[in-house]
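This report refers to the structure that appears directly beneath it.
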Amino acid sequence: MSSSYRSGTPGNEAASAPVRPRPTPTLRTKGFWDAARRGELAIQRCSACQRFFHPPAPICMRCHGEDLGFERVSGEGTIHSFSIMRGSPPPGFESATPYAVLAVELDEQPGLVVMGNLVGVPPEFAQVGRRVRVVFQTLDDSFVLPMFEFIADESGKV
Ligand SMILES: [Zn+2]
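Here it is in structure tokens:
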């Protein structure tokens, strides 16, 4: 199961396994993880057609452009779908269950979805259509994971 939490390519695993499984940054995803370490959400974008992509791709999937960079985005979006993880968690996640994994559609582009855990409220509060914003959780000195928290609605209620 832990393999589903890694975004790295096969054969590119870190030599020393961390306690909690985490994505393995690759050359392609480095811009995303470097930004997270700065507390920013950055998404790959094609300079030719301005299309955002996530997860990062080798070439633009729309125009086949090869000039792809990472651009900071607002980090705000809407819950597109979610799943609540309970029961037998993957190794390393025992203390974290239950938790909700969100697929968040970012405001920048329809269909641009980023995954992240819901923090700040119980997992059962997750609801499709709910507004959220990115927050960053530091797992250790070098690794920062983007997660999401609720944005208060017009009445100020979270
Ligand atoms: Zn393009």
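Residue numbers for the sequence shown follow this note's numbering, so the first one is 136 and each next one is one higher.
We put the CB at the ideal spot given by N, CA and C, even for glycine.
- Query: Quick one: Cα of Asp-202 to Cα of Pro-226, how far?
  - Reply: Numbered from 1 along the sequence shown, position 67 holds the residue referred to as residue 202. Numbered from 1 along the sequence shown, position 91 holds the residue referred to as residue 226. C-alpha separation (whole angstroms): 38 Å.
- Any heavy atom of ligand 1 closer than 7 Å to the Cβ of Ala-238? Along the sequence shown, read from residue 1 onward, the residue named residue 238 stands at position 103. Incorrect: Ala-238 has no Cβ contact closer than 7 Å to ligand 1.
- Which one or two residues does DSSP pair with Leu-241 in a beta bridge? On the sequence shown, residue 241 is found 106 positions in, with the first residue counted as 1. Note: Leu-241 sits in a beta bridge opposite Gly-212.
- Report the rounded CA-to-CA distance for Glu-259 versus Gly-212, giving the unit in angstroms. What you label residue 259 is simply residue 124 of the sequence shown in a count that begins at 1. What you label residue 212 is simply residue 77 of the sequence shown in a count that begins at 1. For Glu-259 and Gly-212, the distance between alpha carbons rounds to 19 Å.
- Message: Since Gly-251 and Phe-283 should fall inside the 8 Å C-beta cutoff, what is the C-beta to C-beta distance between them, to a whole number of angstroms?
- Response: On the sequence shown, residue 251 is found 116 positions in, with the first residue counted as 1. On the sequence shown, residue 283 is found 148 positions in, with the first residue counted as 1. Confirmed, about 5 Å.
- Can the beta-carbon of Leu-253 be found closer than 8 Å to that of Leu-237? Within the sequence shown, the letter at position 118 stands for residue 253. Within the sequence shown, the letter at position 102 stands for residue 237. It is a contact, given that the beta carbons lie within the stated cut-off.
- Task: Indicate the three-state DSSP secondary structure (helix, strand or coil) for Ala-183 in the structure shown.
- Result: What you label residue 183 is simply residue 48 of the sequence shown in a count that begins at 1. In the structure shown, Ala-183 sits in coil (DSSP, three-state: anything other than H, G, I, E or B).
- Task: Output the distance between the C-alpha atoms of Ala-170 and Val-249, rounded to the nearest integer angstrom.
- Result: For the purposes of this step, residue 170 is identified with residue 35 of the sequence shown, where counting begins at 1. For the purposes of this step, residue 249 is identified with residue 114 of the sequence shown, where counting begins at 1. The straight-line gap from Cα to Cα measures roughly 14 Å.
- Message: Beta-carbon within less than 7 Å of Asn-147's beta-carbon, same chain only, minus the 5 sequence neighbours each way: which residues are those?
- Response: On the sequence shown, position 12 is the one that residue 147 refers to. Here the model assigns Asn-147 a pLDDT of 37, short of 50, so the residue's position is not dependable and the matter cannot be decided.
- Length of the line joining the Cα atoms of Gly-210 and Arg-265: Residue 210 sits at position 75 when you count from the first residue of the sequence shown. Residue 265 sits at position 130 when you count from the first residue of the sequence shown. The straight-line gap from Cα to Cα measures roughly 14 Å.
- Query: According to the Cβ coordinates, are Gln-272 and Ile-214 closer than 8 Å?
  - Reply: Start at 1 with the first residue of the sequence shown, and residue 272 comes out as number 137. Start at 1 with the first residue of the sequence shown, and residue 214 comes out as number 79. It is not a contact, given that the beta carbons lie outside the stated cut-off.
- Message: Only counting the same chain, and skipping five residues up and downstream in sequence, which positions put a Cβ closer than 7 Å to that of Ser-216?
- Response: Residue numbering aside, residue 216 sits at position 81 when the sequence shown is read from its first letter. For Ser-216, where only same-chain residues beyond five positions count, the Cβ hits under 7 Å are Ala-238 and Val-263.
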